[in-house]
Each structure stands twice: as structure tokens, then as C-alpha cells.
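**Student:** Just dropping this structure here.
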Amino acid sequence: MNQVLRLATLLTLAYLTFTATQAHASTAVHTNPADSPRSFTNSFADIGQTFRLAVGKMKQGDARGAEEDLTALVTNPRLAAAGPRFSFAVHTALAYCQQGNHEFELAYENALAAGEIAPAVRNRDYWYLLMSAARATHRDYVAVESLAHVLLSSPEHANDVDVSTIWSAYDTTASMNDGGAHRKLLLEALWQVKYVPKDAFELPATQRWWTDLYESYIDAGDAKSAQAVLGAIHDPYQVLRLRADNRYRESILRDARVSDIVAVQQDDIRWLNGEMQARPRLIGLVEKTARALMMSNRLSETLQLLDDALANVAKAPKGKPAFDDLSDNLRWVSDTRARVLARMGRWDAALDAQQAAQSDAAVPADDVVSQRINFGDYLYRLNRPREALEQVKTVNTENASAYGMMEAGEVRACAFAQLGDRTRLRATIDAMLEQRDVDADALRIALLCADDESQIAKIITARLRNERTRNAELAADQEYLPTPNPTPYDRTLSLRLRHVLGRPDVHAAINEYGVVEHYPMFAPDD
């Protein structure tokens, strides 16, 4: 509502400018006595008064009353004569009210009408409105286009756009039948404004955007733009994803910046460490630096970094926290610490750390769904299926994303497999298959737990044939460092996967589209 109040204030000035000149113009235009200059001017004064009353109601939170006033203005035949800027203000304000009243289709129609009436007036607030209305009415193409305009219309404020909004739009582009045009549009806007998420925890994830943008430029034959983007890619997993794919392998290997994967690993850790030092009050950057160290098998160093951060949290004076983002990211520090301890074979300590991750008092219970799912993951790996199911029993579409539901599905499927409950195992996997590209890794593990070799092979080969999922699949099929201190169940799943990847049909598909190499780091760990 604050956005429309700012917009309404600015555009009311346009109306006041209009009224200063309208009486003079009306003498020449209106000759009917009923439309005398005085009556004509008074009618516009009434329009202005109605608009001001509507804005007042909006300020008081009366969206329904404001909507009634603004609807009357939209249907007033005099409105068009008031000029496009004022009409724009009325339609935009009405769209905001309708959106607040959950009348999303009407909100979209009025937002669109406002832009058609006065294209030159469309600003960042307008594009936000149209984007929100488009998302609410499942017009994903318009929503992505509007988000690009939000970013580009005010680059200095681009970083104020919440990263979750961007990821939501990005994810919708995967199902668009446009040859990747809207994904490229969004990525180019992010690149142009040099977008950096405010939440440090999300910073490394943006590497996926630049990798996708690099792919789109190579696919289009634009090597110059691709090379510029490649300079911003330092995540080793994104580099190897390109390196494994025959479409991009040559361009990667001939670029000295990324041809040596070990050097890329080191550069990534240096970059994260630099970010951590530059912004020492963000524990999210500590966690991301620790994660990179962990994946490079520098476990003792990782644990020390995390323990030092937690010690600083514990000894900070009350009311003066050691970090500014504890409510968002303290739980992730404990979560990553659990992963490190598990790799070190300290399973009891790992469970304690994971319990701490979901017991963070600064975070509402509904916000620790990921930590409950991860706890369940440890429990089924330790062959404690009933406890694992207890952790995910309340995870549903109301409190978890589609990705979270797939992760919870993995826990449930593996627990049901251990319990010998084939009926619920099958139902869980069937539900996951309907969302197979949301989280292919979770689906793969669930199928490994079910020991469904033929289904896994079918999915792998299908993902390799699909241009959009090919190099993500290739990255999952590389040879990584074996995870140390695996549980007996981990060993069982690893042997099953090795057997699937060795099947002639799977092996042939991998060789057709890419290559498999050995990398001195652990497999991608989400």
C-alpha cells in the first residue's frame, strides 16, 4: 500500500497541473450551456475530491471503501478528459485496492490498463504492481517481464528486490515454451544491474544464474558476451557442470581462468573468505565459506571456523549480538556443522548439532522445516526410520516449497523402504515423480532406497537427452571424493548407484552427451 500512496501523491500533482489549465481549454472545447466552463471545472473538482477521499481511505486501511470510490472514477466519462497521467493514477490505485481485496483478476486488468493509458509514467512501483498481479493470476510470462522492468527501471534499488522473488520467477521459466527467452531476459537484467542479494546466505547461489546466462550466450553463438559472464563464475560445481557437457566443454577448457578445477576451488574459497572479511557481521558468509572448505575436504579447518563463530555468538553481550543476521542464518551454521561432524564420523555430535539447528529460539517453528528434513535425513541414514518419519510428519505444502516437499519425500521414501512398507513407499515415489525436475537428487536417492534400478536408469537417460537438464545430470554423474565415514546404509546406496551408472544404456547416454572425470571434492551436497 505504501507504493501506491507514493504513486498517488506524485500523480495527484499531475492532476493539479491539469486543473490549472482545464478551465481555459474547456471554453474552446465545450459549447453546450450544460457544459459551461464553470460546470465543467466543477465536475473535475469532484473527480479530484473523490480521488483524494479514496487515497485517504487507503491510508486508513479501508481498501474496500477506496475501491468503491475508485471504481466510480474509472466508470466516470469525464476521467479520460482529465489526462492520461491522472487516469493512470486512478487505475493503478484501484488495482492496488483490488489486490488487497484478493480480486486478483480485476487488479491485473486495471494494472494493465494503467500502463496502456500512460506508458511513459510506468515506473518501478508500477512494474512491481503488475508483476504481483501477474503472479497471482498465473501469468508467468508477464510476471517475468515485469520483474525485469523492476530491476532495470531503477538499478540503484535493484538489490532491494528480495532474492526469493527472483528465484520464484526464475523457476517458472523452466516450464515456459519460449526457447529460454524469458529466462535469458531475466538473467540479462540481473547481470546488467549487478544484482547482489542482501542475504549473504544466498550469495553463492547466484552463480547458477551466471552459468545459465553463459550457456544461453554460447548457444546463441555470442562468444564475447559468454566470456564476459564466465569471468564472474567461480563456483567449482558450476564450472564442472559446463566442463562435463560436450556443448560447452571446449570453451571451458580453453579459458585459463576455469580450465584448472583445483585452481577454481581455491579461487572460490578465496573469494568467499574475502566476502566474509569484508562483511564480518554476517554469519551467513561464515557458513558459506565453511561449506566451501568442507566440500574441499578441509574438515578440521571447517569445524574450527564454525566453532569460532558460534563461540562469538555465545559470548556476545545481551542486546549486542555478534552478527546481524542470526535470525536468518544461525541455524544454517549448526546445520553445516552437523554435516562436517558426520563426515568426521562423529555421528552423535552431528545429531546434536542438527537438533540445535532446528531448536534456534530466534526462528519461528514453521521456519525450521529444512532443518527438520535434514535431521530426518541423518536418521534414516543411521537406519532409524521411525524417528526419521517423526521429523517430517508435519511437512506439507503449507509450510514447505516444492523443493522442500521433494526433500521430505526422500526421507519418507527411504524410511518406508527400511520399514518394508511397499505401499507407502510406492505412493511417495509416485508423488515425487510428478515433480521430478524440481529436485532430481532427492528423487534419485528415493529410488535408490527403493532399489528401483530400471526407473533410475530411465530418469538419468531422459535428463541427459533433455537440453535443459543435461549438464545438471552430468554433474551428478561425475566421480567425486568418497564421502568419509559413511553409514552402512550409505554404502548400500552408493553401491546401487555405481551399478546403475555402469549399466550399458546409462553409460552410453553419458558418453553421447558428455564426459566423466574425477574431481578432488565431495559430490554436490544440498
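Counting with mature numbering (1 follows the signal peptide of the UniProt record, and there is no 0), you get residues -25 to -1, 1 to 501 for the letters of the sequence shown. Using N, Cα and C, we set each Cβ at its ideal position, and we do this for glycine too.
Looking at the secondary structure, which residues open and close the alpha helix (DSSP H) in which LYS263 lies?
**Tutor:** Residues 258 to 270.
**Student:** DSSP three-state label for GLU454, please.
**Tutor:** It is a strand residue.
**Student:** Leaving out five residues before and five after PHE63 in sequence, what residues of the same chain have Cβ atoms less than 6 Å from its Cβ?
**Tutor:** ALA89, ILE92, ALA93, VAL96
**Student:** What residue from ALA180, VAL171, SER121 has the CA that sits closest to LEU161's CA?
**Tutor:** The option with the nearest alpha carbon to LEU161 is SER121.
**Student:** Apart from the five residues on each side of it in sequence, which residues of its chain come closer than 8 Å, Cβ to Cβ, to PRO296?
**Tutor:** VAL288
**Student:** Whose C-alpha, out of TYR116, VAL171, LEU45, is nearest the C-alpha of residue 503?
**Tutor:** One cannot answer for residue 503 here, as it falls past the ends of the chain, which runs -25 to 501.
**Student:** For the alpha helix (DSSP H) that contains THR140, what are its first and last residues?
**Tutor:** 138 to 147
**Student:** Could I get the ranges of all uninterrupted alpha helix (DSSP H) runs contained in the region 83 to 158, with 4 residues as the minimum, in chain order?
**Tutor:** 99 to 111, 115 to 128, 138 to 147
**Student:** Assign ALA20 to buried or exposed, taking buried as 16 or more other Cβ atoms, counted over all protein chains shown, within 10 Å of its Cβ.
**Tutor:** exposed
**Student:** Compare the beta carbon distance of VAL344 and ALA375 with 7 Å and say whether it is the shorter of the two.
**Tutor:** yes
**Student:** With the cut-off set at 7 Å, would you say LEU364 and ASP300 are in Cβ contact?
**Tutor:** no
**Student:** Only counting the same chain, and skipping five residues up and downstream in sequence, which positions put a Cβ closer than 6 Å to that of ASP500?
**Tutor:** Result list for ASP500: empty, nothing under 6 Å.
**Student:** Could you compute how far the alpha carbon of GLY294 sits from the alpha carbon of PRO459?
**Tutor:** Approximately 40 Å between the Cα atoms of the pair.
**Student:** Could you pull out every residue in the same chain whose Cβ sits closer than 6 Å to the Cβ of GLU250, ignoring the five residues on either side in sequence?
**Tutor:** Contacts found: LEU260.
**Student:** Identify every residue that forms a DSSP beta bridge with HIS474.
**Tutor:** Paired residues: none, contrary to the question.
**Student:** Can the beta-carbon of TYR488 be found closer than 7 Å to that of LEU439?
**Tutor:** yes
**Student:** Would LYS32 pass as a contact of ALA41 if the rule is Cβ separation under 7 Å?
**Tutor:** yes
**Student:** As a quick exercise: from PRO179, ALA175, PRO461, pick the residue whose alpha carbon is nearest that of LEU357.
**Tutor:** PRO461
**Student:** Report, in whole angstroms, the separation of the C-beta atoms of TYR83 and THR112, which I expect to be a contact under 8 Å.
**Tutor:** TYR83 to THR112, Cβ: 5 Å. Contact.
**Student:** Please classify HIS209 as buried or exposed, where buried requires at least 16 other C-beta atoms within 10 Å of its C-beta.
**Tutor:** buried
**Student:** Do you know how far the Cα of ARG114 is from the Cα of LYS169?
**Tutor:** When the Cα atoms are used, LYS169 and ARG114 turn out to be separated by approximately 26 Å.
**Student:** Check this for me: beta carbons of ARG306 and GLN346, under 7 Å apart or not?
**Tutor:** yes
**Student:** With DSSP as the reference, please indicate the residues paired to HIS493 in a beta bridge.
**Tutor:** GLU454
**Student:** Looking at the secondary structure, which residues open and close the alpha helix (DSSP H) in which TYR170 lies?
**Tutor:** Premise fails: TYR170 is in no alpha helix (DSSP H) and is neither H nor E.
**Student:** Using only alpha-carbon positions, find the residue among LEU81, ASP135, SER309, HIS77 that is nearest to TYR103.
**Tutor:** ASP135
**Student:** For ALA47, which of VAL315, ALA377, ALA68 has the nearest alpha-carbon?
**Tutor:** Taking only the C-alpha atoms, the option nearest ALA47 is ALA68.
**Student:** Quick one: give me the first and last residue of the alpha helix (DSSP H) that VAL288 is part of.
**Tutor:** Where VAL288 is concerned, the enclosing alpha helix (DSSP H) stretches over 274 to 290.
**Student:** Counting pairs of beta carbons, one from the region 385 to 393 and one from the region 415 to 433, are three or more of them closer than 8 Å?
**Tutor:** yes
**Student:** Grab me the residues of ALA108's own chain with a C-beta within less than 7 Å of its C-beta, minus the 5 sequence neighbours each way, in chain order.
**Tutor:** ALA70, GLN74, PHE79, ALA82, TYR83, ALA86
**Student:** Got a sec, what are the start and stop residues for the alpha helix (DSSP H) ARG314 sits in?
**Tutor:** 301 to 318
**Student:** Decide if GLY58 is buried, meaning its Cβ has at least 16 other Cβ atoms within 10 Å, or exposed.
**Tutor:** Flag for GLY58 reads buried.
**Student:** Give the secondary structure of ASP220 by DSSP, where H, G and I count as helix, E and B as strand, and everything else as coil.
**Tutor:** In this structure, ASP220 counts as strand in the three-state DSSP scheme.
**Student:** Could you tell me the distance, in whole angstroms, from the CA atom of LYS263 to the CA atom of GLN24?
**Tutor:** 55 Å
**Student:** What first and last residue would you give for the alpha helix (DSSP H) that runs through HIS482?
**Tutor:** HIS482 -> alpha helix (DSSP H) spans 479 to 488.
**Student:** Got a sec? Which residues, its chain only, sit under 8 Å from ASP187 by beta carbon, not counting five neighbours each side?
**Tutor:** The answer, listed in chain order, is ARG158, LEU162.
**Student:** With three or more C-beta pairs closer than 8 Å as the rule, is the region 316 to 328 touching the region 422 to 437?
**Tutor:** no
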